[in-house]
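Just below is one structure, and these are the notes that go with it.
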Amino acid sequence: MSQPLTSMLVESQALYLDPAIRDWVLIPIMVVMVLVGIFRDQVTLLIGSTSGKKAGIKAIRETKALTRGVTLRNYGNNIPSSSFLIRKNYLCSSYKKGDFLKNPASANQVVNPMTDPAGMEMMMEGMKKNFAMIIPQTVIMGWINFFFSGFVLIKLPFPLTLRFKTMLQRGVETPDMDVTWVSSLSWYFLNLFGLRSIFTLLLGEDNAADGMRDMAAMSQMGAASPGQPQDFNKLFLAESENLELTPHNWELDDIEVRLLVKYGKRELVDNKDIIEMEDISPISSNDLSDVKGKSKKKRT
Amino acid sequence: MVSFDYKTAVTTLQELRKSGERKSELVVFLGESLINRGYTGKLGDEVWSVYEQIFIAALDLENDQLTIKCLENLNKRFPGSPRVKILEGMKLEADDKLDSALALYEDILKEDEANIAASKRRIAVYKAKGQDGQAIDALTRYLDAVYNDAEAWLELSALYLNYHLYQQAGFCLEELILLQPQNHFYHLKYAEVLYTSDNIPVALKQFCRVLELCEDNIRALCGIKLCTSRLLNLSNISNASTSNSVYLESKTISDLNALAVERLTAIYSKNQHGGKTAIEIKNVVIDWLSQS
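Chains A and B are the protein sequences, given in the same order.
Heads up: the first sequence at position 275 corresponds to 275 in UniProt numbering, and the numbers run straight through without jumps.
Heads up: the second sequence at position 128 corresponds to 128 in UniProt numbering, and the numbers run straight through without jumps.
Below is the structure:
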């Protein structure tokens with residue numbers, strides 16, 4: 001019983017590959033893939049450097065102005081309330097008036113990426129990059145499909161389960177062949193996804209040759225659409241609303257007592273009293289004072 | 001300083017570049033050794049930032065040969081790059097040709113108004129020329145755009161302090177506290193500015209904050225001592241003046257005063273090993289503490 005089985009296995013493995021396949025198909029596909037990767041890296045550099053226009057000072061101001069509001073909201077408790085209020089009022093009114101916008105005139109218009117030259121450029125750049133990625137891949141896949149479809153190129157030196165059949169023997173529709181044999185189209189895919197470390201070796205850490213990246217970029221395209229400029233007016237209005245709702249509890253209100261407790265000059269009883277008093281205060285500040293109470297305990 | 005090892009030299013330079021520490025002598029020593037022993041080819045693309053780093057350090061030490069060498073190499077590799085142009089401008093500044101440096105920076109800014117390094121250098125030139133008004137003007141415009149540059153805020157506050165504009169300086173320091181609330185140094189500066197502009201209760205609170213962030217900070221302790229003495233004297237004269245927005249119990253104030261005195265005495269009597277001057281300083285401090 002066992003003899004015919006082993007003989008069958010041996011039979012299925014005794015597939016003789018012409019060395020010419022190795023010399024003229026296997027190695028050329030890999031070399032071409034590497035060369036295309038390098039070529040693509042260079043093309044991306046070329047495209048990137050020619051159209052690498054920097055953002056104007058107004059655009060920087062626009063983005064930084066938003067962080068200004070966020071900073072004030074997060075750390076406003078560290079400055080006295082009068083200073084906090086001045087900043088809050090200034091930022092709210094400026095946000096509403098659109099003082100921080102790149103071009104204040106367009107405050108109420110719907111931003112159309114086609115009319116904004118910067119947005120247009122960004123879109124063009126993304127398109128160019130995508131073309132540099134997609135065209136070589138399509139060409140190579142067509143080339144392999146046309147010349148070498150159905151070729152079996154190598155045998156993997158380790159056993160695999162049947163599930164790998166669709167992955168490793170694409171283009172070869174034989175149900176009986178051992179899974180460890182790899183077809184030409186599958187060899188192409190293995191190269192596409194597996195050459196990353198070789199490119200890192202050849203081109204350095206931050207290269208554009210990798211095939212995986214444009215796959216990732218493509219899958220992102222639908223969700224985030226990176227070419228689309230943000231509508232800062234909307235963001236500013238939302239931020240001003242957030243800012244208006246931010247209460248101000250000065251961190252330093254009971255600093256003296258905290259300090260005296262820290263140096264052991266006051267009993268903790270005082271501290272507890274304060275926490276209780278804060279607990280009675282309106283609900284809006286309740287969770288805040290809780291956090292403060294905790295941090296106080298940590299400090300002492 | 002005698003032994004030189006390629007690997008440690010490169011990593012030291014890398015770390016210095018990352019942290020921005022200004023150890024010019026060390027950088028020049030390491031850089032010169034790297035260049036003279038022909039290691040520059042081994043660095044790969046990193047060599048350009050190393051050249052930039054060595055260049056700036058060499059400017060500090062007025063090592064003209066080295067600066068010229070670095071600049072030549074960079075110019076050969078990146079002709080017309082604004083970053084190299086800024087280095088050229090710094091060379092001009094170092095040679096005291098401020099006007100031509102200024103013109104160079106203006107040129108760069110005309111082409112790319114968002115060039116942060118150029119606008120910062122321009123402000124530095126204004127300062128070097130003594131045109132503080134223009135420097136303040138340029139700095140405020142710069143900060144209006146690049147809000148989160150802590151060093152620029154600090155610079156602006158220092159400029160305002162030169163002209164005793166305490167309110168403006170205080171504003172800058174408040175922004176700094178917002179940007180880095182954990183940095184006790186900004187709290188300390190803010191507290192001192194508040195004290196100078198006679199806002200004693202808030203200054204006292206700020207000094208307390210510094211002490212909370214940084215234990216036994218001597219400047220903060222002195223500040224607390226000054227503030228509490230002032231407040232105690234004031235409340236003796238008239239109780240009405242303490243009816244500010246910031247209310248402080250007189251017992252708390254005297255407790256703080258006692259605390260500051262105690263800590264200062266403890267700190268100054270601790271370091272005995274300083275010899276005669278340390279004892280003198282201690283005596284002075286204790287005199288001062290007992291006086292007020």
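Heads up, the beta-carbon is just placed ideally off N, CA and C, and yes, glycines get one too.
Sequence-distant residues of the same chain with beta carbon closer than 6 Å to residue i, five excluded per side
i               : result
leucine 226/B   : none
lysine 155/A    : Thr180 and Trp181
leucine 74/B    : Tyr51 and Val84
leucine 248/B   : Pro201
glycine 52/A    : Low confidence applies here, because glycine 52/A scores a pLDDT of 46, under 50, leaving its location unreliable; read the following figure in that light. If we look at glycine 52/A and ignore the five residues flanking it on each side, it has no Cβ neighbours.
aspartate 270/A : Annotation note: pLDDT 48 at aspartate 270/A (below 50); position unreliable, no value reported.
Cross-strand partners of residue i (DSSP beta bridge)
i            : result
serine 183/A : Val152/A
Contact with chain B by residue i, beta-carbon distance below 7 Å
i               : result
glycine 37/A    : no
arginine 68/A   : yes
leucine 252/A   : yes
glutamate 256/A : yes
arginine 73/A   : no
proline 80/A    : yes
glycine 56/A    : yes
serine 83/A     : yes
leucine 259/A   : yes
tyrosine 90/A   : no
Residue burial classification, residue i (beta-carbon count within 10 angstroms, cutoff 16)
i                : result
isoleucine 27/A  : exposed
serine 149/A     : exposed
serine 157/A     : The sequence shown places proline at residue 157/A, not serine. Result: exposed.
arginine 141/B   : exposed
methionine 277/A : Note on methionine 277/A: pLDDT 46, under 50, position unreliable in the model; no value is reported.
aspartate 18/A   : exposed
glutamate 175/B  : buried
serine 83/A      : buried
glycine 44/B     : exposed
alanine 118/B    : buried
methionine 133/A : buried
lysine 42/B      : exposed
alanine 20/A     : exposed
aspartate 5/B    : exposed
alanine 266/B    : exposed
serine 93/A      : exposed
lysine 97/A      : exposed
valine 139/A     : exposed
Below-7 Å beta-carbon distance, residue i vs any chain A residue
i                : result
isoleucine 123/B : no
glutamate 32/B   : no
lysine 205/B     : yes
aspartate 99/B   : no
leucine 178/B    : yes
arginine 17/B    : no
proline 181/B    : yes
serine 243/B     : Below a pLDDT of 50, predicted positions are generally treated as unreliable, and serine 243/B, at 46, falls in that range; the measurement from the model is reported next regardless. By this cut-off, serine 243/B is not an interface position.
aspartate 255/B  : yes
alanine 145/B    : yes
threonine 252/B  : yes
leucine 259/B    : yes
alanine 114/B    : yes
arginine 209/B   : yes
valine 10/B      : no
Contact set for residue i: own chain, Cβ-Cβ below 7 Å, skip 5 residues either direction
i                : result
lysine 85/B      : Leu104 and Ile108
valine 193/B     : Tyr166, Ala169, Gly170 and Leu173
tryptophan 48/B  : Leu74 and Arg77
tyrosine 147/B   : none
alanine 9/B      : Leu30, Ser33 and Leu34
isoleucine 144/A : Ile29, Ser184, Leu185 and Tyr188
lysine 129/B     : Leu98
isoleucine 116/B : Val146
threonine 67/B   : Phe55, Ala58, Leu59 and Lys91
tyrosine 126/B   : Gln134, Ala135 and Ala138
Residues near residue i in its chain [Cβ-Cβ closer than 8 Å; skip 5 each side]
i              : result
serine 197/B   : Tyr166, Gln167 and Gly170
residue 311/A  : As shown, chain A starts at 1 and ends at 300. That puts residue 311/A outside it, with no answer to give.
proline 136/A  : Val36, Phe39 and Arg40
leucine 259/B  : Ile224
leucine 232/B  : Ser250, Ile253, Ser254 and Asn257
leucine 162/A  : Val179
threonine 12/B : Leu26 and Leu30
leucine 235/A  : Leu66
Nearest-angstrom Cβ-Cβ length linking residue i and residue j, presumed shorter than 8 Å
i                : j                : result
isoleucine 198/A : valine 34/A      : 7 Å
leucine 71/B     : valine 28/B      : Contact flag wrong, Cβ pair sits at about 15 Å.
leucine 256/B    : leucine 260/A    : 7 Å
asparagine 77/A  : tryptophan 250/A : 6 Å
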